[in-house]
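Position 76 (the sequence shown) corresponds to 78 in UniProt numbering; numbering is contiguous.
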Amino acid sequence: NLDDIFASVRSQFPALTQKVHGKNLVYLDSGATTLKPQSVVDRIAHFYSYETSNVHRGAHYLGDVATGHFEAARQKVAEFLGARQSEEIIFVRGTTEGVNLVANSWGLSNLKAGDEILITVMEHHGNIVPWQMVAEKVGAKVVAADILDNGELDLEDFKKKLNSRTKMVAFTASSNVLGTNTDMKLLTKLAHEVGAKVLVDGAQIVSQLPVDVSDIDCDFFVFSAHKLFGPFGFGAVYGKKEILDQMPPYQGGGSMISKVTIEKTTFNDVPTRFEAGTPHVEGAVGLHAALTFVENIGLDKIHKYEMDLLNYATGRLLEIPDVKIYGTSQNKGAILSFNLKGAHHSDIGQILDQEGVAVRAGHHCTQPLMARLGVPGTVRASLSVYNNREDIDSMVKAVVKAREMLL
Ligand code: PMP
Numbered sequence: 003n004l005d006d007i008f009a010s011v012r013s014q015f016p017a018l019t020q021k022v023h024g025k026n027l028v029y030l031d032s033g034a035t036t037l038k039p040q041s042v043v044d045r046i047a048h049f050y051s052y053e054t055s056n057v058h059r060g061a062h063y064l065g066d067v068a069t070g071h072f073e074a075a076r077q078k079v080a081e082f083l084g085a086r087q088s089e090e091i092i093f094v095r096g097t098t099e100g101v102n103l104v105a106n107s108w109g110l111s112n113l114k115a116g117d118e119i120l121i122t123v124m125e126h127h128g129n130i131v132p133w134q135m136v137a138e139k140v141g142a143k144v145v146a147a148d149i150l151d152n153g154e155l156d157l158e159d160f161k162k163k164l165n166s167r168t169k170m171v172a173f174t175a176s177s178n179v180l181g182t183n184t185d186m187k188l189l190t191k192l193a194h195e196v197g198a199k200v201l202v203d204g205a206q207i208v209s210q211l212p213v214d215v216s217d218i219d220c221d222f223f224v225f226s227a228h229k230l231f232g233p234f235g236f237g238a239v240y241g242k243k244e245i246l247d248q249m250p251p252y253q254g255g256g257s258m259i260s261k262v263t264i265e266k267t268t269f270n271d272v273p274t275r276f277e278a279g280t281p282h283v284e285g286a287v288g289l290h291a292a293l294t295f296v297e298n299i300g301l302d303k304i305h306k307y308e309m310d311l312l313n314y315a316t317g318r319l320l321e322i323p324d325v326k327i328y329g330t331s332q333n334k335g336a337i338l339s340f341n342l343k344g345a346h347h348s349d350i351g352q353i354l355d356q357e358g359v360a361v362r363a364g365h366h367c368t369q370p371l372m373a374r375l376g377v378p379g380t381v382r383a384s385l386s387v388y389n390n391r392e393d394i395d396s397m398v399k400a401v402v403k404a405r406e407m408l409l
């Protein structure tokens, strides 16, 4: 029984035992970051308590232990994403740094004046701004494919904007506002047909559906650990080995070198070439624990449970007059962006907060999407494995109250 399984999952999140403003915490902001299960917190504490060491294999016992855990995490991420080998996984600070790495390393050495980078209008700023910065340096242009009114990608517009000048296609697997999932495999195939490389922003997909980068055939895939029950400040870039091998370093420093003289430096192999300096070792260890947590439940069950909850939440929210939901595709993650006609999103967010309901109200780092929707912002409720129908009922009650107060 799914409800029993997820009641037990919920009990692994101590954050949910708190009261805020005197009310039971209802956490509906998992699109911003997920809460952390006790197993992840314990694993990181254990690492700091007993295994703290920098990662130099062969220096001493604990150095070997830490290095072993760091590389085991890389292997785990490779398996999780369906990469062919662990060398295809580069550890970074998160999705944003991952996109910046690819934009700067691959972009600066492959893009030239007149080239185009195709994104979509629903991208997070993290998958827009790095491309604009690189485009400006080399004289390339960022072009965005539109969405349909239901929040799905406008495939015709995407195809229209794809041409022989397109050298990179960078798109989200799942919108952090509309919830819309994109067809990663199809978009990748279309991009490859014109000879473009593909980067998938996986920030919102990894916690909801299984990903197989080898099957998708994308060239790069990036995600953040903190949106997947793991620690902040950590994430990964998947890149095809043959492409990574050709890419110059992103940052310089220790570890990423082969030989350094004052005159010249030669660089280490992939992936170390892209990991300058002391890495976020407990980030890797924590992400490993988070992946084990996800695996123990199973993404198939997670997806089914979240879709059930999303349907329930959508139905309940639409019972309230004046509610408008943005993103009504059948193919979406458990995210509900909405407004009350005639009320400001931040007022709604504040009233919900007073009721103990944590949502996000604003532009969600997607200003071009807000412009496309013609609104300054939305209220966003994003669901995860620890939410249940009572959480939805609490939110709905709070929205009804907000409506009474604001309209
Ligand atoms: N892309 C998407 C779709 C996101 O939801 C986010 C986080 N809100 C990011 C990119 C950026 O992730 P991070 O802040 O962890 O680098």
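Just so it is clear, CB atoms sit at the ideal spot from N, CA and C, and this is done for glycine as well.
Using the Cα positions of residue i and residue j, report the straight-line distance between them to the nearest angstrom.
i	j	result
Y388	I304	10 Å
S184	V359	A small correction: the amino acid at residue 184 is Thr; Ser does not occupy that position in the sequence shown. Spanning the two alpha carbons is a distance of roughly 29 Å.
L189	H228	26 Å
E406	V42	41 Å
L120	F15	40 Å
E81	I91	10 Å
D66	P212	32 Å
V79	D324	44 Å
residue 418	K21	Shown here, the chain extends from 3 to 409; a query on residue 418 therefore has no answer.
D302	K163	35 Å
L338	A383	5 Å
G254	M397	48 Å
L37	L320	27 Å
T19	L27	7 Å
G181	K334	5 Å
F236	S348	30 Å
V94	L103	9 Å
A61	T54	14 Å
G197	F295	38 Å
Would the beta-carbon of residue i fall within 8 Å of that of residue j?
i	j	result
A291	R45	yes
I353	A400	yes
V361	V381	yes
H126	A205	yes
G109	V136	yes
A363	G351	yes
E357	K25	yes
C220	M186	yes
N56	T280	yes
A85	T122	no
L408	L342	yes
V179	H366	yes
F222	L192	no
Y314	R391	yes
Once the 5 residues before and after residue i are set aside, which same chain residues still bring their CB inside 7 Å of it?
i	result
V287	R45, I46, F49, H71 and A75
R167	G116, D117 and E118
N106	V136 and Y252
F269	P251, M258, I259, S260 and R275
D31	A360, V361, R362 and S384
Whose C-beta lies closer than 6 Å to the C-beta of residue i among residues of the same chain, with five residues either side of it excluded?
i	result
L246	V272
Y307	L4 and F8
V208	F225 and L230
C34	Note that residue 34 corresponds to Ala in the displayed sequence, not to Cys. Answer for A34: R362, listed in chain order.
Every unbroken alpha helix (DSSP H) within the segment 210 to 264, with a cutoff of 4 residues, ordered by chain: 215 to 218 and 243 to 246, all fully within the segment 210 to 264.
Chain-ordered residues, beta carbon under 5 Å from a heavy atom of the ligand PMP: This criterion selects G96, T97, T98, H126, G128, T174, N178, D203, A205, Q206 and S226.
Ranges of the beta strand (DSSP E) found wholly within the segment 68 to 139, counting only runs of at least 3: Those beta strand (DSSP E) runs which fall completely within the segment 68 to 139 and span 3+ residues are 91 to 94 and 118 to 122.
Start-end ranges of the alpha helix (DSSP H) lying completely within the segment 311 to 371, minimum 4 residues: Whole alpha helix (DSSP H) segments, 4+ residues: 347 to 356.
Complete alpha helix (DSSP H) runs within the segment 161 to 208 (minimum length 4 residues, chain order): Complete alpha helix (DSSP H) runs here, min 4: 186 to 195.
Residue ranges of each beta strand (DSSP E) within the segment 376 to 409, 3 or longer: Secondary structure within the segment 376 to 409: the beta strand (DSSP E) runs of 3 or more consecutive residues, fully enclosed, are 380 to 384 (chain order).
Start-end ranges of the beta strand (DSSP E) lying completely within the segment 29 to 59, minimum 3 residues: Runs found: none.
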